[in-house]
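Just so we're aligned: the sequence shown equals residues 406 to 813 in the working numbering. The C-beta atom is built at its ideal place from N, Cα and C for all residues, glycine as well. Here's the structure we're looking at; comments come further down.
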Amino acid sequence: MSRPAPTIRALASAALLPLMLAGCMAHPAPEIATPTPGLPEAFFFAPDADARTALAALMPMDDPAYSALADAAIAEAPSLAEALARIDSARAGARRAGAERLPNITADGSVRQNRINTNQFGEAGRQGFVPSEQTTYGANITASWDPDIFGQIKAQERAAIARIDAASAQAQGVRLALLAEIAGSVTDWRVIEARAAAIDADVAAAKQLASLAKVREDAGIAPGFDRVRAEATASSSAVRLAALDSERARLIGRLVTLTGQDAASVRAALATTAPAMVVAAPPASMPSDLLANRPDVAAAAANLAASDADLAAAARARFPRITLTGIIGLAAFQPENFFDEDSIIGTLTGAIAGPLLDFGRVRAGIDAAAADKRAAFAAYQGAVFQALGDAEAGYGLVTAADAEARLS
């Protein structure tokens, strides 16, 4: 008695068994602990609550030089343009990752000519029943789709979306740093102008004193020592005044770099008259608020989320991928028969493929993704403590400067 032929279900089960076993035998993805860093309840050097002000009060918003240079930087600064381009790149990557979850449809056409040896067909070939040359005309529409049973493509999409958040936070950080440096440079320029005015007054007073001492010396009323001392004071003040030019040049060069403007445009903006400077108290902030508002911390957190999704995608590479493919087309030996009903052809295919014996390739990918996640978490911790350190240092410097001013 003959053995019955195996059914399609049995053949499919036999084909799937090795792949399923390979997925089950693979080690699970490593668990990477990412605890939230501990934060103090308040900053050590923070001012009293009644002395605090808003962050915007620290910016010289009423200074026309700051307004002009800030607007120019937002429009043309190379560093900000680079950051914005990285956002566009991240968005394109997310669109690509999302499109991978949808079917891929392609179209193709072909004309193929074959020449064969008719002798291989025996008497039929020698008598001309089999043509020696044959032209085939074809056109196909092919659709393929991965249903993403195990979620690898979805994890890759999550990683791409997280990178948009990271790029956006980095761009916001570049923008804030740009405006802060411009504000600091404009403020330094105004301070230099005030110092120059004070030194000018010192030089004029010293020259006047030297002139009076010269008159007294010529009249024999006073010794020449008074004149020499006054002239030395005037000379010293003139040297201090000349030294301010190097500081002006440094600030102009810095603003050229920040704004993308030429030196003449920067100098023209700084030549505008500024209102009287008002020194504001440090802004109010809590450590938890700092984590919520610092762009570099937000970018590090987004990069950590992206690395977590990358690890999930790498772990899902252990499992088989199922691909569904459908083809519908036309094929004919004569152009006039191309659109006949008999020329229609079609194919529907379901395929499954997965790692069986890859000699550690998938595992190496998982280990690399796990290491990247550990590095991203370390970078996140570093960003948090960098933010805390910057805030403490800023508050401490303001407190020390206020104490020094009270003593002077």
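Can you find the residues in the same chain that come closer than 8 angstroms, C-beta to C-beta, to residue i, ignoring five residues on each side of it along the sequence?
i: T678; result: P469
i: G751; result: G731, I732, I733, G734
i: E505; result: D551, I558, Q561, E562
i: S494; result: A572
i: I749; result: I733, G734, L735
i: R501; result: A565
Would you list the one or two residues that DSSP bridges to residue i?
i: D701; result: According to DSSP, which records beta bridges pairwise, D701 is partnered with nothing at all.
i: R517; result: T541
i: R726; result: A758
i: L735; result: A544, I749
i: N509; result: S549
DSSP three-state call for residue i: helix, strand or coil?
i: A808; result: helix
i: L761; result: coil
i: R600; result: helix
i: G658; result: helix
i: I437; result: coil
i: I554; result: coil
i: T677; result: coil
i: P628; result: coil
i: Q666; result: coil
i: A482; result: coil
i: P536; result: coil
i: F744; result: coil
i: D468; result: coil
Assign residue i to one of two classes, buried (16 or more other C-beta atoms within 10 Å of its C-beta) or exposed (fewer than that).
i: L762; result: exposed
i: E562; result: buried
i: F724; result: buried
i: Q613; result: exposed
i: S651; result: exposed
i: R359; result: The requested residue 359 does not occur in the structure, where the chain is confined to residues 406 to 813.
i: F782; result: buried
i: I626; result: exposed
i: R766; result: exposed
i: I569; result: buried
i: A805; result: exposed
i: R726; result: buried
Whose C-beta lies closer than 7 angstroms to the C-beta of residue i among residues of the same chain, with five residues either side of it excluded?
i: G794; result: none
i: T592; result: P465
i: F743; result: Y542, L735, A737
i: S670; result: none
i: A697; result: none
i: A668; result: I657, V661
i: Y785; result: A705, A706, L709
i: R632; result: A615, A618, K619, E622
i: A564; result: A711, A714, D715, A718
i: F555; result: R721, F724
Could you pull out every residue in the same chain whose Cβ sits closer than 6 angstroms to the Cβ of residue i, ignoring the five residues on either side in sequence?
i: D377; result: Only positions 406 to 813 of the chain appear in the structure, and residue 377 is not among them; the question remains open.
i: I820; result: No answer is possible for residue 820: it lies beyond the span of the chain, which begins at 406 and ends at 813.
i: A717; result: A560
i: Q539; result: N519
i: S814; result: Any question about residue 814 goes unanswered here, given that the chain covers just 406 to 813.
i: E481; result: G665
i: G514; result: A544
i: G503; result: E562
i: R491; result: A572
i: A512; result: I546
Got a sec: is the Cβ-Cβ distance from residue i to anything in chain D below 7 angstroms?
i: R811; result: The structure shown contains no chain D; it is built from a single protein chain.
With a threshold of 6 angstroms, establish whether the CB of residue i neighbours any heavy atom of the ligand HEM.
i: G799; result: Although the ligand HEM was asked about, the structure shown includes no ligands whatsoever.
*Pairing CB atoms from the stretch 749-765 with CB atoms from the stretch 779-797, are three or more of them under 8 angstroms?*
no
*Meets three-Cβ-pair contact criterion under 8 angstroms: the stretch 600-607 and the stretch 640-649*: yes
*Count the C-beta pairs between the stretch 730-743 and the stretch 570-587 that are closer than 8 angstroms, then say yes if the count reaches three, no if not.*
no
_Segment contact, 8 angstroms Cβ cut-off, at least three pairs: the stretch 705-717 with the stretch 772-781_ = yes
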